[in-house]
């Protein structure tokens with residue numbers, strides 16, 4: 001289990017209907033690639049976040065597959081068009097089966 | 001004829017070289033839309049004859065790097081500040097104390113970063129913030145000292161910087177600290193290594209110019225600890241000094257050595273008047 005994992009999300013508190021809002025997400029995670037070796041020459045096992053999704057009121061906004069080459073503390077910024085008030089739900093899936101979640105409400 | 005023209009162009013280029021110093025950007029650094037950071041100001045009195053104005057390293061970085069520092073969410077250094085916030089409240093050592101037991105909230109330490117390194121009367125020495133932290137850890141908390149410029153120490157340094165952001169650097173260079181400051185000044189102007197370069201050769205005489213692909217700054221440390229994109233972590237001042245001295249192809253002093261403490265005091269005093277800016281983002 002990767003330690004010190006903490007998701008962070010930035011979503012505007014309100015928007016006008018039909019407006020495109022910018023969403024920023026960041027999760028602190030070592031993203032160990034599985035390619036590195038420790039001081040004794042043993043391979044450090046891979047431990048990354050392999051999938052990130054964002055849903056708005058149940059509808060998928062983005063669904064991202066991540067690979068081992070992505071660097072530590074992955075950051076995503078994307079736009080979403082908001083037609084109604086609701087909740088953005090963010091989910092990160094770890095290699096070790098852990099799931100990290102966060103959600104943010106937006107008013108219209 | 002052509003050769004002559006070319007020579008003239010070259011001469012013009014050489015003559016124009018000092019103008020390249022104007023390459024520091026005119027942009028203003030405002031963090032989170034409301035915290036104004038002084039990144040350019042008149043030099044302290046003791047710098048008369050060497051530089052007229054002092055610039056934060058932020059002024060010399062490219063637009064993308066500068067933008068990352070303008071919003072705490074985009075500043076990867078803030079991840080480490082959050083980690084230090086947890087360490088601040090964590091009880092460690094035989095005395096059953098945390099930083100918070102004595103000092104309260106990290107925000108109560110606002111202004112501390114701006115005056116370090118600072119003379120400590122009781123110990124009879126100039127102390128950096130890291131030395132003071134380790135003094136607290138070993139004597140008050142009964143915990144192990146942190147490795148100088150190791151992750152834990154630099155992260156805590158970043159937390160203390162972040163709560164002092166926007167305040168002007170104001171280290172004292174007179175009184176009992178003066179002899180240390182003089183030593184630091186001597187080191188700053190001493191050429192080291194096979195390349196025979198002093199700090200001043202790059203950061204005083206050539207800031208704004210390029211050394212190969214690197215845009216030379218004034219080497220100010222008001223913005224430390226710095227998150228460097230090249231190693232994806234926060235970097236301490238002594239660590240940076242070590243990198244620079246190594247690049248002159250010299251044997252370096254160690255982090256936490258008396259030489260680097262003196263140099264830190266001197267370099268910090270060169271930035272008196274600039275805002276505390278750490279954790280900053282650099283390349």
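Chains as they are written, first to last, in full-length UniProt numbering: chain A, 1 to 108; chain B, 1 to 283.
Just so it is clear, CB atoms sit at the ideal spot from N, CA and C, and this is done for glycine as well.
Between residue 140 of chain B and residue 196 of chain B, the C-beta spacing is not below 8 Å. For the set B:45, B:154, B:264 and B:89, the Cα lying nearest the Cα of residue 186 of chain B is the one of B:264. In this chain, the beta strand (DSSP E) harbouring residue 40 of chain B covers 40-42. For the options B:25, B:34, B:57 and B:39, the alpha carbon positioned closest to that of residue 216 of chain B is the one of B:57. In this structure, the CA atom of residue 159 of chain B is about 5 Å from the CA atom of residue 81 of chain B. For residue 29 of chain A, the secondary structure class from DSSP, reduced to helix, strand or coil, is coil. Here residue 42 of chain B really is in contact with residue 273 of chain B; their C-beta atoms are around 7 Å apart, less than 8 Å. Residue 247 of chain B and residue 96 of chain A have their C-alpha atoms some 41 Å from each other. Residue A:74 holds the alpha-carbon nearest to the alpha-carbon of residue 30 of chain A among A:74, A:98, A:37 and A:84. Inclusion of residue 115 of chain B and residue 170 of chain B in the CB contact set at 8 Å is warranted, their separation being smaller than that value.
Residue pairing by DSSP places residue 86 of chain A opposite A:106 in a beta bridge. According to DSSP, residue pairing for residue 7 of chain A in a beta bridge involves A:27. Put simply, the stretch 244-259 of chain B does not touch the stretch 85-93 of chain B. Fewer than three CB pairs are less than 8 Å apart.
In the DSSP assignment, residue 47 of chain B forms no beta bridge with any residue.
Judged by pairs of C-beta atoms under 8 Å, the stretch 79-87 of chain A touches the stretch 41-56 of chain A, as three or more such pairs exist. The beta-carbon of residue 279 of chain B is placed no less than 8 Å from the nearest beta-carbon of chain A.
Using a Cβ-Cβ cut-off of 9 Å, residue 73 of chain A is close to 76, 79 and 232 of chain B, given in chain order. Sixteen is the threshold: when 16 or more other Cβ atoms of the shown chains lie within 10 Å of the Cβ of residue 282 of chain B, as they do, the residue is buried. Spatial neighbours of residue 128 of chain B in its own chain (CB-CB distance under 7 Å, excluding positions within 5 residues in sequence) are listed in chain order as 116, 117, 261 and 264. Restricting attention to B:98, B:78 and B:190, the CA atom closest to the CA of residue 234 of chain B is found in B:78. In summary, residue 191 of chain B is exposed, with fewer than 16 beta-carbon neighbours lying within 10 Å of its beta-carbon over all protein chains present.
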